[in-house]
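The sequence shown begins at 1190 in the working numbering and counts up by one.
The next block holds one structure in the form of structure tokens; read it before the comments.
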Amino acid sequence: MIFGRKNGGFTLVELLVAMAISSIVLGIIYATYQAQLKSQVTQQQVVEMQQNARAAIYAMEREIRLAAYDPTESGVPQITSAQIGSITFTMDIHNGLDDDSDSAVDEFDERGRPNVDGDVNDNLEQITYRLSNDADNDGIADGLNCNLQRRYWDGAAMQSADISQNIDALNFVYLNQNGVDLIDYGLTPPSVPAGQLANIRSVQITTVARAGETARYALPNNETDDKNYTNQQGAVILPAQNDRFRRIVLSSEILCRNL
Ligand SMILES: [Ca+2]
Ligand SMILES: [Ca+2]
Ligand SMILES: [Ca+2]
Ligand SMILES: [Ca+2]
């Protein structure tokens, strides 16, 4: 006879079995919870990476479309530098004057038209897009800590702001009216020769963005990123990194209306 039965309680064996079962059940619940949490975090990372990459492209699209904007036909605004990993351009969108003497520069006249003056020395009239960590200017990040950087003239000094994080590659292709790539790939860094800058009619931008910069953001199941990322011309702009990060490539072509 088993001692426990006499008291209507549990035997030691029954208790052990019950404990084992409940720990298995708890284990399954925990594993399911962990898996769900992980897939949720992953989805969130992917969404963040996509939003981040789109924001980068959108910001550049909007502003590069204005490159060389020259409402007074002064001939001054232009693309001043067209490299594989950066672009610098000017435009005449302000005159920097305080017309009504209220100590604030007036960006528009009384009829709502932009106040322009045929020069490119006013606020936001000179812009550069480049990577924040790319000393050799090849459009490939020199390390994991690399963002899309916008440099701008504020009317008195150059300023810079990082507008999109974790950008591994930023690639420009400059096309003439026949769709021919104007970059001389023999130059260091590859760029459009000065004499060809005025022939640029459209710009293709391609970015490769990465999700996160620590192992926490790694791909599942020991996967590695062995993809070569290419631009619209089929050229490799970021060779396979063979690390454990997730990446996305986005590309856009901008017609420069003012060129
Ligand atoms: Ca001015
Ligand atoms: Ca004013
Ligand atoms: Ca101006
Ligand atoms: Ca580089």
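Beta carbons are placed, not taken as given, at the ideal position from N, Cα and C, and that holds for glycine.
These figures come from a predicted structure and were not determined experimentally.
The chain-ordered list of residues whose CB is nearer than 7 Å to some heavy atom of ligand 3 reads D1281, I1282, H1283, N1284, G1285, V1305, D1306, G1307, D1308, V1309, N1310, D1311, E1314.
The Cβ atoms of V1362 and D1370 lie closer than 8 Å to each other.
Two segments are said to touch when three or more pairs of C-beta atoms, one from each, lie closer than 8 Å; by this definition the region 1388-1402 touches the region 1430-1441.
Residue pairing from DSSP places R1399 in a beta bridge opposite R1436. Take the alpha-carbon of Q1232 and the one of D1415: they are about 21 Å apart. In the three-state reduction of the DSSP assignment, L1448 falls in the coil class. Non-local C-beta neighbours of Q1422 in its own chain, meaning closer than 8 Å and more than five positions away in sequence, comprise V1362, D1370, Q1393, ordered along the chain. A distance below 7 Å between beta-carbons, with the five flanking residues on each side excluded, links L1333 to the following residues of its chain, in chain order: E1402. Under the DSSP definition of a beta bridge, N1360 partners with T1395. Taking a C-beta distance under 8 Å as the contact criterion, C1335 and D1311 do not qualify as a contact pair. In this structure, the straight-line span from the alpha carbon of Y1341 to that of S1228 is close to 40 Å. Between G1344 and G1285, the C-beta spacing is below 8 Å. Three or more Cβ pairs closer than 8 Å define a contact, and the region 1258-1269 meets that threshold against the region 1381-1391. Out of M1238, T1200, F1297, V1202, the CA that lies nearest to the CA of N1355 is found in M1238. Around the beta carbon of E1314, a 10 Å sphere encloses 16 or more other beta carbons of the protein chains shown; the residue is thus reported as buried. Pairing I1443 with I1253 gives a Cβ-Cβ distance under 8 Å.
Between ligand 2 and the CB of D1298, the shortest heavy atom gap is not smaller than 7 Å. One residue list follows from the rule of a beta carbon closer than 5 Å to any heavy atom of ligand 2, given in chain order as D1287, D1289, D1291, A1293, D1295.
A direct Cα-to-Cα measurement between P1409 and A1209 gives close to 30 Å. Contact between the region 1317-1332 and the region 1272-1289 is present: three or more C-beta pairs spanning the two stretches fall below 8 Å. Residue environment: L1337 is assigned as buried (16 or more neighbouring CB atoms within 10 Å of its CB, all protein chains considered). As for any beta strand (DSSP E) of minimum length 3 sitting wholly inside the region 1266-1340, the runs are 1268-1271, 1276-1279, 1315-1320, ordered along the chain. When L1226, A1429, V1309 are compared, the shortest CA-CA separation from P1260 is found for V1309. Counting the other CB atoms within 10 Å of its CB gives M1249 a total of 16 or more, which places it among the buried residues. With respect to the C-alpha of S1263, the residue from I1282, V1236, T1395, A1245 having the closest C-alpha is I1282. Of the heavy atoms belonging to ligand 4, none sits nearer than 7 Å to the Cβ of I1426.
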